[in-house]
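S.K.: First to last, the sequence lines map onto chains E and V.
Numbering-wise (our numbering), the first sequence opens with residue 1134 and increments by one.
Numbering-wise (our numbering), the second sequence opens with residue 60 and increments by one.
Positions of the beta carbon are idealized from the N, C-alpha and C atoms, including for glycine.
Below you'll find the structure I mean.
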Amino acid sequence: MQLPGEKARWLDKSENVTKVYRAVWTVCAVLLLAEPLVHKHGEFAMEEWFGFHAFFGFVAAFGLVLAAKRMRRWLKRPEDYYDRR
Amino acid sequence: MTGAELSPAWTLIVGAALVPLLRGTLRSVWIVLLPLVGMVQLAFMPHGEFGQLEFLGEALVIVRVDRWSVVFAWVFLIAALLGAIYSLHVRHALEPAAGLAYAGAALGALFAGDLLTLFVFWELTAVTSVLLIWARRSERAFRAGMRYLIVQIGSGVLLMFGALQQLAATGSIRFEHIGLDAPGGLLIFLAFGIKCAFPLLHNWLQDAYPEATESGTVMLSAFTTKLAVYALARGFAGTESLVWIGAVMTAFPIFYAVIENDLRRVLAYSLNNQVGFMVVGIGIGSELALNGTAAHAFSHIIYKALLFMSMGAVLLRTGTVKGTDLGGLYKSMPWTAAFCIVGAASISGFPLFSGFVSKSMILSAAGYESLFVTYLVLLFASAGVFHHSGIKIPFFAFFAHDSGKRCQEAPANMLVAMALAAALCVGIGIFPAPLYALLPYPVDYEPYTGSHVLTQLQLLLFAALAFSVLMRTGIYPPELLSVNLDFDWTYRRLLPRMLGAAGDALGRTIASAESGAARVLLQLETRARQLHGPRGVFGRTWASGAMGLGVMLMLLAFLLSYYFVQG
């Protein structure tokens, strides 16, 4: 949002936000492609599978948010819940 | 002179007492000078035991200096310095005075060589720190502070009972490795566990910390929980149950952090999660794991203070830290935003930031011990902490949807404190050697291997990708004005309600008993009035003839009954 009289910031334009979004995808792709160049050694065999940490990071974060969103059904209360007598 | 007077704890405690007497620049210089003097003292303190004295026939060791206490003392003094600079704009003397006394008490506890000395400083941290919550001067803060104080004092009482049991059984109150099976061990474990915010004992932290003042929360975040980590590491290293307790601590709070609206409360949840990593390290108990615990406590105190400082600056300038009310603040507070991002990168464990070089020691230690499930939980928690502390905090405060709020940048003293903390976060991340040299055991660990850097970057950036996708698709749960029920519901709602219901039932019983008794009394009284009142049978004035008639009737009745009996 740009208030009247303010100069526009780079992030104020939605196409630039899309650029940032695409940049995240690109960086992730590069990190996967770089994997054969690095000798991976993990503590467990599983960690040496191709893209294990990438996959794990994505699923963990995605699952975390979905689970937390679901938890809201049971846990969410009005903001003044504890102030009510 | 026993050597105990060398401890920086006294400098801070006595120095804090003088703060209210000073005004203006003199006070500012004084409160920044105290932690600095403490650092000089610490640098010159020889290792060993000082201040041994007899108290009620027990040998006390007031000051014990070794590698464990020294590494924690350094970071406590750094935190005290950051907190002191951060609070310089505050006009009232209470906050800086309480903050420095609290830091001093925590230092005193670090150096305690026996459980009685530990107990005294343990309780002193509780009493001094609650002032930082009450300094907010609101009814809400007062109540939160009261709940906090009850829990903290309770922890100290458990510690005292545990220490007395140990004394009775072994004749010594020295603070060495204790273990769960030792006499009093379980009580002391619980006392440490409360301050460490173990699962289900944790809610005092998320309840109280967000209610303190801007600078108060910064101080609070540094000392209490890390003092407990230190005490656990000394007393219970290698206790297997700590691995599980710690693993639950790393995972459980992050779900709450995702849906919490108060950004300082989000940070309190992630503090809980970070302490979980340290507890896992203590549970594993190998030299690498314990080094990891000490190193992670060190970097954690600094980046956590930095994150709380950035949110404190937002609170000061906008009057709120609710995700629903914020957004777009990078335009008004670019420096604060930048420092916040440094703290966020550090807590997430990005390579070149402090969390990376310390947290990975604990993960590696879990790997070396082949703790597969624990390792996966820690990996999940690492992705999760990036998600809510690394992205959510800076994103919802400084970016996201522009709230239209325009304010001043944070005051200069806050910016200086944040800049110092940010410099330390990056400094430790790039040159971990000085930190490694301070750790309790010799370090043979290289965090920057190609494999480690790549896998960590993959983990974090794919977690960021998940966030981006969720945001773009609108699946990400919006920030909402709400509170989320946590374990504190049991003592803030369930218990009061049960007590209330029990009280009501008791009240009703008493009331019905009372009314029953009252009815009986009333009947008795009415009867007495009927009989003995002015017109009652016994109260009336009878004529003497009637009296004579009465007597005659009685005698006649007597005569008749006599005949019947004889006849």
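(1) Along the segment 317-351 of chain V, what residues have a CB closer than 7 Å to any CB found in chain E?
(2) What are the residues that DSSP puts in a beta bridge with V:Phe114?
(3) Would V:Ala10 pass as a contact of E:Gly1196 if the rule is Cβ separation under 8 Å?
(4) Thinking just about the alpha-carbon of each residue, which of V:Ile192, V:Glu505 and V:Val302 is nearest to the one in V:Val432?
(5) Since V:Ser541 meets chain E, which of its residues come closer than 7 Å, beta carbon to beta carbon?
(6) Can you check whether the CB of V:Ala156 is closer than 8 Å to the CB of V:Pro79?
(7) Counting only beta-carbon separations shorter than 8 Å, does E:Arg1142 have a partner in chain V?
(8) In the DSSP assignment, find the unbroken alpha helix (DSSP H) run with V:Ala561 in it and report its ends.
(9) Just the C-alpha distance for V:Ile452 and V:Ser188, rounded to the nearest angstrom, thanks.
(10) Just the Cα atoms here: how many angstroms apart are V:Met606 and V:Leu614?
(11) Skipping 5 residues on each side, what residues in its chain have a beta carbon closer than 8 Å to that of V:Leu95?
(12) Quick one: does V:Tyr145 have its CB under 8 Å from some CB of chain E?
(13) For chain E, is any of its Cβ atoms less than 8 Å away from the one on V:Thr377?
(14) Rounded to a whole number of angstroms, what is the C-alpha to C-alpha distance between V:Gly488 and V:Gly443?
(15) Below 8 Å CB to CB, which residues in the same chain sit around V:Gly215 once its five sequence neighbours on both sides are set aside?
(16) Taking 8 Å as the CB-CB cut-off, is V:Gln582 touching chain E?
(17) Closer than 8 Å by C-beta to V:Ala570: which residues in its own chain qualify, once you throw out the five before and the five after it? Chain order, please.
(18) Please report the Cβ distance between V:Val99 and V:Gly110, rounded to the nearest whole angstrom; I am assuming they are in contact, meaning their Cβ atoms lie under 8 Å.
(19) Does the count of Cβ pairs from the segment 328-344 of chain V and the segment 467-487 of chain V closer than 8 Å reach three?
(20) Please check the pair V:Met368 and V:Ala267, which I expect to be a contact at CB under 8 Å, by giving their CB distance rounded to whole angstroms.
(21) To which residues of the same chain is V:Ala404 closer than 6 Å at the C-beta, ignoring the five residues directly before and after it?
(22) Is E:Lys1152 close to chain V? Criterion is C-beta to C-beta, closer than 8 Å.
(23) Would the beta-carbon of V:Gly204 fall within 8 Å of that of V:Ile192?
(24) For V:Thr229, would you say it is in contact with chain E, using Cβ-to-Cβ distances shorter than 8 Å as the test?
(25) Whose Cβ in chain E lies nearer than 8 Å to the Cβ of V:Tyr268?
(26) Please report how far the alpha carbon of V:Asn320 lies from the alpha carbon of V:Gly116, in whole angstroms.
(27) In chain order, what residues of the segment 515-534 of chain V put their CB closer than 9 Å to some CB of chain E?
(28) Spell out whether any CB of chain E is found under 8 Å from the CB atom of V:Tyr434.
(29) Rounded to whole angstroms, what's the CA-CA distance from V:Ser603 to V:Leu619? Just pull it up for me.
(30) So, with DSSP's three-state summary, where would you put E:Phe1195?
(31) Any C-beta of chain V sitting closer than 8 Å to the C-beta of E:Leu1197?
(32) Between E:Gly1275 and V:Phe415, what straight-line distance do the alpha-carbon atoms span, to the nearest angstrom?
(33) Cβ atoms of V:Ala165 and V:Phe282: under 8 Å apart, would you say?
(34) Inspect the beta-carbon positions of V:Leu218 and V:Ile247 and report whether they are closer than 8 Å.
(35) Quick check: what's the CA-CA separation for V:Phe295 versus V:Phe457?
M.R.: Working from what's here:
(1) Cβ contacts with chain E: Val317 and Ile318.
(2) Per DSSP, V:Glu117.
(3) Here chain V covers residues 60 to 626 and nothing more, so residue 10 of chain V does not appear.
(4) Per the Cα distances, V:Val302.
(5) Residues of chain E with a Cβ closer than 7 Å to the Cβ of V:Ser541 are, in chain order, Lys1209, Arg1210, Pro1211 and Glu1212.
(6) Contact: yes.
(7) Yes, contact with chain V.
(8) Its alpha helix (DSSP H) spans residues Leu554 to His591.
(9) Roughly 25 Å separates the two Cα atoms.
(10) CA-CA distance, V:Met606 to V:Leu614, rounds to 12 Å.
(11) Around V:Leu95: Leu140.
(12) Not an interface residue.
(13) No, V:Thr377 lies away from the interface with chain E (no Cβ there is under 8 Å from its Cβ).
(14) So the two alpha carbons sit approximately 21 Å from each other.
(15) Cβ-Cβ distances below 8 Å link V:Gly215 to Phe178, Trp181, Glu182, Ala185 and Ala250 in the same chain, with the five nearest sequence neighbours on each side left out; the list follows chain order.
(16) The beta carbon of V:Gln582 sits no closer than 8 Å to any beta carbon of chain E.
(17) Counting only residues of its own chain and dropping the five nearest sequence neighbours on each side, V:Ala570 has no CB closer than 8 Å to any other CB.
(18) About 19 Å separates the beta carbons of V:Val99 and V:Gly110, which is beyond the 8 Å limit, so they are not a contact pair.
(19) Contact check between the segment 328-344 of chain V and the segment 467-487 of chain V: fewer than three CB pairs, one atom from each, fall below 8 Å, which does not count as touching.
(20) Actually they do not touch by this definition, with Cβ atoms about 18 Å apart.
(21) Counting only Cβ-Cβ distances below 6 Å, and skipping sequence neighbours, we find Phe412.
(22) Output row for E:Lys1152: interface = no.
(23) A contact, by the Cβ cut-off of 8 Å.
(24) So, not an interface residue.
(25) Within 8 Å Cβ-Cβ: nothing; V:Tyr268 doesn't reach chain E, min ~16 Å.
(26) Approximately 53 Å, taken between the alpha carbons.
(27) For the segment 515-534 of chain V, which is checked against every Cβ of chain E, the residues closer than 9 Å are Gln515, Leu516, Gln517, Leu518, Leu519, Leu520, Phe521, Ala522, Ala523, Leu524, Ala525, Phe526, Ser527, Val528, Leu529, Met530, Arg531 and Ile534.
(28) By this cut-off, V:Tyr434 is an interface position.
(29) Per the coordinates, the alpha-carbon of V:Ser603 lies some 24 Å from the alpha-carbon of V:Leu619.
(30) Helix, per DSSP.
(31) Closer than 8 Å to some Cβ of chain V, the Cβ of E:Leu1197 qualifies, so yes.
(32) Coverage of chain E is limited to positions 1134 through 1218, which leaves residue 1275 of chain E absent and any answer about it impossible.
(33) Judged by beta-carbon spacing, V:Ala165 lies within the 8 Å limit of V:Phe282, meaning their Cβ atoms are closer than that value.
(34) Going by C-beta atoms, V:Leu218 is nearer than 8 Å to V:Ile247.
(35) Spanning the two alpha carbons is a distance of roughly 42 Å.
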